[in-house]
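Q:
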Amino acid sequence: MQSETLNSMPFHADASGFYGDFGGAFIPEMLYANVEALRNKYLEIIGSDDFQKDYQKLLRDYVGRPTPLYEAGNLSERYGARIFLKREDLNHTGAHKINNTVGQVLLARRLGKKRIIAETGAGQHGVATATVCALMQMECIVYMGSVDMERQAPNVARMRMLGAKVVPALSGSRTLKDATNEAIRDWINNPESTHYIIGSVVGPHPYPDLVARLQAVISEEIKSQLLSETGNSNPDYVIACVGGGSNAAGAFYHFLNTPEVKLIGAEAAGEGVSSGKTAASLVVGKKGIIHGCLTSLMQTEDGQIVEPHSISAGLDYPGIGPLHAHLHQTHRALYYSITDNEAIEAAFELSETEGIIPALETAHALAVLKKLQLKTTDKVVVNLSGRGDKDLSTYMKILESR
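If you want this note's numbering, it's the 1-based position in the sequence shown plus 716.
1. Who are residue 911's beta bridge partners in DSSP?
2. When you compare the region 878–892 with the region 807–825, are there three or more beta-carbon pairs, one atom per stretch, that lie closer than 8 Å?
3. Using 8 Å as the cut-off, can you tell me whether the region 910–923 makes contact with the region 862–872, which would need three or more C-beta pairs spanning the two stretches below that distance?
4. Take every Cβ of the region 823–836, pair it with every Cβ of the region 893–902, and state whether three or more of those distances are shorter than 8 Å.
5. Is residue 1071 helix, strand or coil by DSSP?
6. Suppose contacts are defined by Cβ-Cβ distances below 8 Å. Is residue 1196 in contact with residue 1027 by that definition?
7. Let me know the secondary structure DSSP gives residue 723 once reduced to three states.
8. Among the candidates 1117, 780, 785 and 801, whose CA atom is the shortest distance from the CA of residue 814?
9. With 16 other CB atoms within 10 Å as the buried threshold, where does residue 992 fall?
10. Select from 932, 988, 948 and 941 the residue whose C-alpha is nearest the C-alpha of residue 962.
11. Our contact map puts residue 1069 next to residue 796 with C-beta atoms below 8 Å; I'd like the distance itself, whole angstroms only.
12. Can you grab the Cα-Cα spacing for the pair residue 794 / residue 908, in whole Å?
13. In the DSSP assignment, what residue or residues form a beta bridge with residue 1095?
14. Distance check for residue 1029 and residue 838, CA to CA, integer angstroms please.
15. Alpha carbon to alpha carbon, how far is residue 1011 from residue 1046?
16. Hey, could you find the ends of the alpha helix (DSSP H) residue 982 is sitting in?
17. Secondary structure at residue 884, three-state DSSP: helix, strand or coil?
18. Between the Cα of residue 1031 and those of 948, 809, 871 and 997, spot the shortest distance and give me the residue it belongs to.
19. Check whether the Cβ atoms of residue 928 and residue 958 lie closer than 8 Å to each other.
20. Looking only at DSSP bridge pairs, what is residue 956 linked to?
21. Can the beta-carbon of residue 1120 be found less than 8 Å from the beta-carbon of residue 1005?
22. Taking only the alpha-carbon atoms, compute the straight-line gap between residue 948 and residue 1078 and give it to the nearest angstrom.
23. Taking the straight line between their C-alpha atoms, what separation do you get for residue 729 and residue 736?
24. Can you tell me whether DSSP reads residue 1016 as helix, strand or coil?
25. Residues in its own chain within less than 6 Å of residue 852 by CB, not counting five upstream and five downstream?
26. Cβ of residue 918 within 8 Å of Cβ of residue 1035?
27. Just grab the DSSP bridge partners of residue 804 for me.
28. With a 10 Å radius around its C-beta and 16 neighbouring C-beta atoms as the bar for buried, classify residue 758 as buried or exposed.
29. Given a threshold of 16 other Cβ atoms within 10 Å of its Cβ, counted over all protein chains shown, does residue 1020 qualify as buried or as exposed?
30. How should residue 776 be labelled, buried or exposed, when 16 other C-beta atoms within 10 angstroms of its C-beta is the threshold for buried?
31. Compare the Cα-Cα distances from residue 952 to each of 944, 960 and 939 and report the closest residue.
32. Of the choices 778, 753 and 791, whose alpha-carbon is the least far from that of residue 1066?
33. On the DSSP bridge assignment, give the partners of residue 1054 in chain order.
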């Protein structure tokens, strides 16, 4: 992942951090120095030979990259196309999140930071942050909604075992949005010593761009693996789930300037986009500012944030990354709204046909397959962003009710 290649992509944020109409950096004055220092230095640091040497070595030897691109024969037969699964669930810690945390901790060390904070919903970003902080021997505090702490208890235990302090967010819906609020408050109070590792392509510039660049290894590998497997580096479709949207940003990244590759995101519709219990911000949202950026946001007429709902803790967010808002507005990517029930059905389908239990987040992407009119010649890559261990309690309740 060389910086000159990344810089040639047309869907980068501009100098002010905007993707078309979306993005920017809307931050309190107390955070200006921190965010500005990051903005001024991140491209130089992550593009340096020294950083890349350390980063690539850790991705290979610690994370376990490259992850396999697996042609799912049974699923392919069922849908009448060649279905490939990009196995991010096989990374160390069980999801794509560690691609970002490895890079950001290396960046934080080069910025002279000694303390790391993070927010987490499903817990995978929190686990990945705690893991790398243990490796690098850095203090780690993870903010997590108390509701999410209950439904993702295994990940809470993992974070604590790794030495992180897990702090519950007790305000609002007590989910990802509220955990992010608490992390930002911490950062305001500790601007000198602390680096905030945002887990998705959200937040003030440069975070959406930084996280996308660190996750771009996913699409970089897809291209080389597909070329080896099929003789063509470009699939017909790339599908990924979208909450904030980091795994989708990584899976889309190196195909953004290739219009023949159809890019599809799967948002969480919850109980339905018209139910009042949804997280489909691209459908029911409008422009607004959340956590430092202008994006598509679920809000009332007077600008109050509407509480999201999804069975998946990692997609339970009222906004979306500004890159995805831009891709949606420009029609470069298509976004489907997937209900809780559709995601559950897709999760059991993959488990029973391929012997792979996906995370509930990932199941939303898999559910898109039923909505496409696929041809036998189509090559479809689904980004399998995380494994389902953390969601077994939810799956068990569903099994018991059947």
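C-beta: ideal position from N, C-alpha, C; glycine also.
A: A quick look at the data gives this:
1. Taking the sequence shown and counting its residues from 1, the one referred to as residue 911 is at position 195. DSSP lists 832 as partners of residue 911.
2. no
3. no
4. yes
5. Within the sequence shown, residue 1071 is the residue found at index 355, counting from 1. Coil.
6. Since the first and last residues shown for the chain are 717 and 1118, residue 1196 lies out of range.
7. Taking the sequence shown and counting its residues from 1, one reaches residue 723 at position 7. Because residue 723 sits at a pLDDT of 42, beneath the cut-off of 50, its placement in the model cannot be relied upon, and the following sentence gives the value as read from the coordinates. Three-state result, residue 723: helix.
8. Start at 1 with the first residue of the sequence shown, and residue 814 comes out as number 98. Considering only alpha carbons, the answer is 780.
9. On the sequence shown, position 276 is the one that residue 992 refers to. By the neighbour-count rule (16 or more Cβ atoms within 10 Å), residue 992 is not buried but exposed.
10. Taking the first residue of the sequence shown as position 1, residue 962 is located at position 246. Comparing Cα-Cα distances from residue 962 to each of 932, 988, 948 and 941, the minimum goes to 932.
11. In the sequence shown, counting from the first residue as 1, residue 1069 sits at position 353. In the sequence shown, counting from the first residue as 1, residue 796 sits at position 80. Not really, about 14 Å apart at Cβ, beyond 8 Å.
12. Sequence index remark: in the sequence shown, residue 794 carries index 78 (1-based). Sequence index remark: in the sequence shown, residue 908 carries index 192 (1-based). Spanning the two alpha carbons is a distance of roughly 55 Å.
13. Sequence index remark: in the sequence shown, residue 1095 carries index 379 (1-based). Beta-bridge pairing links residue 1095 to 798.
14. For the purposes of this step, residue 838 is taken as the residue at position 122 of the sequence shown. For the purposes of this step, residue 1029 is taken as the residue at position 313 of the sequence shown. Cα-Cα distance, rounded: 5 Å.
15. Locating residue 1011 in the sequence shown gives position 295, counting from the first residue. Locating residue 1046 in the sequence shown gives position 330, counting from the first residue. Each residue's alpha carbon lies about 14 Å from the other.
16. Position 266 of the sequence shown, counting from 1, holds the residue named residue 982. Looking at the DSSP string, residue 982 is not in any alpha helix (DSSP H); the run it does join, the beta strand (DSSP E), is 978–986.
17. For the purposes of this step, residue 884 is identified with residue 168 of the sequence shown, where counting begins at 1. Correct three-state label for residue 884: strand.
18. The residue you call residue 1031 lines up with position 315 of the sequence shown. Nearest of 948, 809, 871 and 997 to residue 1031, Cα basis: 997.
19. Residue 928 sits at position 212 when you count from the first residue of the sequence shown. Residue 958 sits at position 242 when you count from the first residue of the sequence shown. No, they are not a contact pair.
20. The count along the sequence shown starts at 1 and reaches residue 956 at position 240. In DSSP, residue 956 forms a bridge with 981.
21. A question about residue 1120 goes unanswered here, because the residues of the chain that appear run from 717 up to 1118.
22. Taking the first residue of the sequence shown as 1, we reach residue 948 at position 232. Taking the first residue of the sequence shown as 1, we reach residue 1078 at position 362. Going from the Cα of residue 948 to the Cα of residue 1078 covers about 25 Å.
23. The residue labelled residue 729 in the question sits at position 13 within the sequence shown. The residue labelled residue 736 in the question sits at position 20 within the sequence shown. Those two C-alpha atoms are separated by around 8 Å.
24. Your numbering for residue 1016 matches position 300 in the sequence shown. Looking at residue 1016 - three-state DSSP - the assignment turns out to be coil, as it is neither helix nor strand.
25. On the sequence shown, residue 852 is found 136 positions in, with the first residue counted as 1. Answer for residue 852: 821, listed in chain order.
26. Walking along the sequence shown from the start, residue 918 turns up at place 202. Walking along the sequence shown from the start, residue 1035 turns up at place 319. Contact flag set, yes.
27. Locating residue 804 in the sequence shown gives position 88, counting from the first residue. In DSSP, residue 804 forms no bridge with anything.
28. Against the sequence shown, residue 758 aligns to sequence position 42. By the 10 Å Cβ count, residue 758 comes out buried.
29. Residue 1020 sits at position 304 when you count from the first residue of the sequence shown. Exposed, because fewer than 16 other Cβ atoms sit within 10 Å of the Cβ of residue 1020.
30. Along the sequence shown, read from residue 1 onward, the residue named residue 776 stands at position 60. Classification of residue 776: exposed, given that the 10 Å Cβ count is below 16.
31. For the purposes of this step, residue 952 is identified with residue 236 of the sequence shown, where counting begins at 1. Here the closest residue by C-alpha is 939.
32. If you number the sequence shown from 1, residue 1066 lands on position 350. Of the listed residues, the one whose Cα sits closest to residue 1066 is 791.
33. For the purposes of this step, residue 1054 is taken as residue 338 along the sequence shown, with counting starting at 1. Per DSSP, 984.
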